[in-house]
Amino acid sequence: MLTQAISCDPPTAWTSPLQDDAIPYHTRYYRRRGRPSMKEKAQGQQYLTLDEEKALIKYLLLMSELRQPVQINSQARTRLGPLRNATLD
C-alpha cells in the first residue's frame, strides 16, 4: 500500500521531454535561450536568395550551352563552388 501512495513520476520543473531524445545538454540549453541552430544561422548568412540562386544557375547553364565564357572573380568562385555540377529542377 505504501508503494501505491508514492508517485514515481518526476516533477516536470526539472525534466524536459527533450531529455528522452539524444540531444546534448548544451544544445537544449542554448535553444531555450534563443540561440539559432547551425542550419538557421547558415540560412541567415546565405549570399543569394533561393530565387536569385536559381536564376544564376539558369543563366550559367544557358551560357554553358551557348559555349560562351563567363568570367567569375575568385571570391564569387568560392561561393559558387557547390553549384558547379548543378542542374535545374
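3 is the number of the first residue of the sequence shown in our numbering; add one for each residue after it.
Think of the CB as a built atom: it goes at the ideal place given N, C-alpha and C, for glycine as much as any other residue.
- Secondary structure of S39 (DSSP, three-state): coil.
- Annotated three-state conformation of T29 is helix, per DSSP.
- Under the three-state reduction of DSSP, Y61 is assigned to helix.
- Closest in alpha carbon position to I74, among R37, L68, L58, is L58.
- Setting aside the 5 residues that flank it on each side, P38 is surrounded in the same chain by G46, each with a C-beta closer than 8 angstroms to its C-beta; the list follows chain order.
- Sequence-distant Cβ neighbours of T29 in its own chain, meaning closer than 6 angstroms and more than five residues away, do not exist here.
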